[in-house]
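For reference, the structure discussed in these notes is given below.
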Amino acid sequence: MTFHYLESADDPLVSDYTQLTDVHLRKIREPAEGMYIAESSRVLRRALAAGHRPRSFFLAEKWLADLNDIFEQYPDVPAFIGSAALLEEITGFHLHRGAMAAMERPAPVPLTELLAGARRVAVLEDIVDHTNVGAIFRSAAALGIDAVLVSPRCGDPLYRRSVRVSMGTVFQVPWARLESWPGDLATLRDQGFTVAAMELTEDAVDVDALARRNPDRLALVLGTEGAGMSAETLAAVDLAVKIPMRAGVDSLNVAAASAVAFWELRARA
408 MTFHYLESAD DPLVSDYTQL TDVHLRKIRE PAEGMYIAES SRVLRRALAA
458 GHRPRSFFLA EKWLADLNDI FEQYPDVPAF IGSAALLEEI TGFHLHRGAM
508 AAMERPAPVP LTELLAGARR VAVLEDIVDH TNVGAIFRSA AALGIDAVLV
558 SPRCGDPLYR RSVRVSMGTV FQVPWARLES WPGDLATLRD QGFTVAAMEL
608 TEDAVDVDAL ARRNPDRLAL VLGTEGAGMS AETLAAVDLA VKIPMRAGVD
658 SLNVAAASAV AFWELRARA
């Protein structure tokens, strides 16, 4: 194993880890460079268990023993080690969840391959808050969603905050970024999916009513925070569905709503 003990925040070997708090920069840079950051030892282990390949490890010396088994598995992958203050200077925040790793971003899965055999699919339209994206993936993994599709402007599921909030379950659920929006919804319909939008429209049906229909294949579209779903998307779906509210509450946060809907609309035999 090659251990590099860092002495300067300007070391070019750790460029993968610089400016991790600059969301705009990292959203552009990470996909372009074919990488993402796995933050925390637990998330790192889940990424490796999913078959993702590490580029390097990044940690304080006190975490070395905890990851010794990982280092033995990847003897050719460098590990960068530094003081807590130096690591914080490089990344922009204090590391308190163990190690980090720069990971190779897996190759995209073709849409038709992703949909093969799927019965329940979540589609995220322009959800830009990475906390919400991660929470939706965690619910998707727990509640029987077979695949997640994200619109071209949706937040990156592999951005470190999304990965962290998902507790690494983003590695368990197959996903793809759509290229034509909302045109790609036609592909879902061609594959036999009923396409339902989670949106408060005048003709929206209650989620339990749709659950009773138990469509064989169902794609549930979730709209962006605040503005909700675009008119073009609503025109492209088969129906709108809503969660009945009480006590004068008009809606739930999109991540909370996804969990309710995923459970209620789960595929039944």
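Numbering (my numbering), first residue to last: 408 to 676. Beta carbons are placed, not taken as given, at the ideal position from N, Cα and C, and that holds for glycine.
(message) In whole angstroms, give me the CA-to-CA distance for serine 422 and glycine 541.
(response) Taking the straight line joining both Cα atoms gives about 25 Å.
(message) Is serine 569 close to chain B? Criterion is C-beta to C-beta, closer than 7 Å.
(response) No chain B is present in this structure, which holds just one protein chain.
(message) DSSP three-state label for histidine 459, please.
(response) If DSSP states are grouped into helix, strand and coil, histidine 459 belongs with coil.
(message) Check for me: the alpha helix (DSSP H) holding glutamate 380 runs from which residue to which?
(response) Nothing about residue 380 can be read from this structure; the chain reaches only from 408 to 676.
(request) Could you tell me whether the stretch 528 to 542 touches the stretch 510 to 520, using the rule of 3 or more Cβ pairs below 8 Å? (result) Short answer: they don't touch.
(request) Give the single residue among Pro482, Asp657 and Glu468 whose Cα lies nearest to the Cα of glycine 505. (result) Per the Cα distances, Glu468.
(request) Please report the residue range of the alpha helix (DSSP H) in which valine 661 lies. (result) Here the alpha helix (DSSP H) through valine 661 covers 661 to 671.
(message) Between histidine 687 and alanine 491, how many whole angstroms is the CB-CB distance? I'm expecting something under 8 Å.
(response) In the structure displayed, the chain extends from 408 to 676; residue 687 sits before or after that span and is not available.
(message) Quick check on glycine 489: buried or exposed, where buried means 16 or more other Cβ atoms within 10 Å of its Cβ?
(response) Buried, because 16 or more other Cβ atoms sit within 10 Å of the Cβ of glycine 489.
(message) Please classify methionine 605 as buried or exposed, where buried requires at least 16 other C-beta atoms within 10 Å of its C-beta.
(response) Residue burial is scored here from C-beta neighbours: methionine 605 has at least 16 other C-beta atoms within 10 angstroms and is therefore classed as buried.
(request) Take the Cβ of glutamate 609 as the centre, count every other Cβ of all protein chains shown within 10 Å, and call the residue buried at 16 or more, exposed below. (result) Exposed, because fewer than 16 other Cβ atoms sit within 10 Å of the Cβ of glutamate 609.
(request) List the endpoints of the continuous alpha helix (DSSP H) containing isoleucine 543. (result) Following the DSSP letters along the chain, one finds isoleucine 543 inside the alpha helix (DSSP H) bounded by residues 537 to 549.
(message) Let's test the definition: count the other Cβ atoms within 10 Å of the Cβ of phenylalanine 465 and tell me whether it reaches 16, buried, or not, exposed.
(response) So phenylalanine 465 ends up on the buried side.
(message) Assuming leucine 592 and valine 602 are in contact, meaning their beta carbons sit under 8 Å apart, how far apart are those beta carbons, in whole angstroms?
(response) About 6 Å separates the two Cβ atoms, so the contact holds.
(request) Please list, in chain order, all residues of the same chain as proline 622 whose beta carbon is under 6 Å from its beta carbon, the five residues on each side excluded. (result) By the criterion of a C-beta distance shorter than 6 Å, proline 622 is surrounded in its chain by Thr601, once the five residues flanking it on both sides are discounted.
(request) Give the single residue among Pro564, Trp470, Phe410 and Ile477 whose Cα lies nearest to the Cα of isoleucine 444. (result) Per the Cα distances, Pro564.
(message) With a threshold of 8 Å, are at least 3 pairs of Cβ atoms found where one atom belongs to the stretch 423 to 443 and the other to the stretch 551 to 559?
(response) Cβ pair count under 8 Å is below three, so no.
(request) Kindly indicate which three-state DSSP category valine 614 falls into: helix, strand or coil? (result) Of the three classes helix, strand and coil, the one that applies to valine 614 here is helix, per DSSP.
(message) Let me confirm a value: phenylalanine 533 is counted as buried when at least 16 other C-beta atoms fall within 10 Å, else exposed. Which label applies?
(response) It is worth fixing the name first, because residue 533 is aspartate in this sequence and not phenylalanine. It is buried - the Cβ of aspartate 533 has at least 16 other Cβ atoms within 10 Å.
(request) Report buried or exposed for serine 415, applying the criterion of at least 16 other Cβ atoms within 10 angstroms of its Cβ. (result) Exposed is the label assigned to serine 415, since fewer than 16 other Cβ atoms lie within 10 Å of its Cβ.
(request) Return the first residue and the last residue of the alpha helix (DSSP H) that histidine 431 is part of. (result) Histidine 431 -> alpha helix (DSSP H) spans 430 to 440.
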